[in-house]
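Numbering (this note's numbering), first residue to last: 183 to 451.
Note that CB positions come from ideal geometry on N, CA and C, so glycine has one too.
Small disclaimer: the values here were computed from a predicted structure and weren't measured.
Below: the structure, in structure tokens.
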């Protein structure tokens, strides 16, 4: 599997791509191409063009969850993919309207608008994209230290509810030696994601981990997470996006972390 970071909060010196508080990855696996999240704006498209990546050749567009820093780019993407109408895979709640303090923080396209431009496939269950790459679907929240908490309000048919972001998901790639995991924000808990990825793939060893952990300060949840990850001793550990420097620094004391920036290419086997 080859992963290229099309968008992240960070850019690297002397590598002239655009950055923004969002995420987008281009994934090549077993002869297929996938776009995992689409950032906050059209910036990921310019980066892809500068990297000679044709996103219209994607075999699937995958959404980690419905927040606008992961779905905002669907608007400009829909303009260039309208003729091909690529498959878009997400959780059934990913395209629902969501707000925080009255501000819209969800996908700028509703379900009907998405269906005009993409072939929509919604699933809560794990879905295999290739023989070894799996969209994990809804993540069971089983670990006590990663207790769920709401962010804003989710608009449901039966009325508005606290948004527990149940649509949050990740990808896992299976190899003989173990698995690689790619996350968006890990609202379901990065350790919950790892536990579920192990269950779905049947592999116990995590060889690599790339993505946001949604950890910003050193508290009990963070300390427990660092302890869990330290036991895993993940050789290729790439926390990014919604993971603060403070958390990365604390984690680095137990399991060395590597830097992420737009343009980073990982070849994982």
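Between the beta-carbon of residue i and the beta-carbon of residue j, is there less than 9 Å?
i, j, result
"residue 215", "residue 241", "yes"
"residue 355", "residue 211", "yes"
"residue 317", "residue 270", "no"
"residue 353", "residue 391", "no"
"residue 364", "residue 388", "no"
"residue 194", "residue 443", "yes"
When you compare each of the options to residue i by their alpha carbons, which one comes out closest?
i, options, result
"residue 276", "306, 269, 449 and 260", "306"
"residue 213", "219, 249, 314 and 262", "314"
"residue 281", "332, 400 and 375", "332"
"residue 285", "249, 184, 445 and 227", "249"
"residue 209", "237, 229 and 274", "237"
I need the straight-line Cα distance from residue i to residue j, nearest angstrom please.
i, j, result
"residue 450", "residue 324", "28 Å"
"residue 337", "residue 319", "20 Å"
"residue 386", "residue 239", "33 Å"
"residue 440", "residue 422", "9 Å"
"residue 187", "residue 340", "38 Å"
"residue 334", "residue 413", "33 Å"
"residue 192", "residue 223", "15 Å"
"residue 279", "residue 402", "31 Å"
"residue 431", "residue 424", "14 Å"
"residue 321", "residue 350", "7 Å"
"residue 471", "residue 264", "The structure shown does not extend to residue 471, since the chain is modelled only from 183 to 451, so the question has no answer here."
"residue 428", "residue 400", "7 Å"
"residue 379", "residue 246", "14 Å"
"residue 267", "residue 303", "12 Å"
"residue 196", "residue 343", "46 Å"
"residue 258", "residue 347", "25 Å"
So for residue i, helix, strand or coil by DSSP?
i, result
"residue 331", "coil"
"residue 362", "strand"
"residue 211", "strand"
"residue 374", "helix"
"residue 428", "helix"
"residue 338", "strand"
"residue 227", "helix"
"residue 321", "coil"
Does the pairing of the segment 321-340 with the segment 294-303 give three or more beta-carbon distances under 8 Å?
no
Examine the Cβ distances between the segment 368-375 and the segment 388-403 and report whether three or more of them are shorter than 8 Å.
yes
Is there contact between the segment 199-209 and the segment 401-416, where contact requires at least three CB pairs shorter than 8 Å?
no
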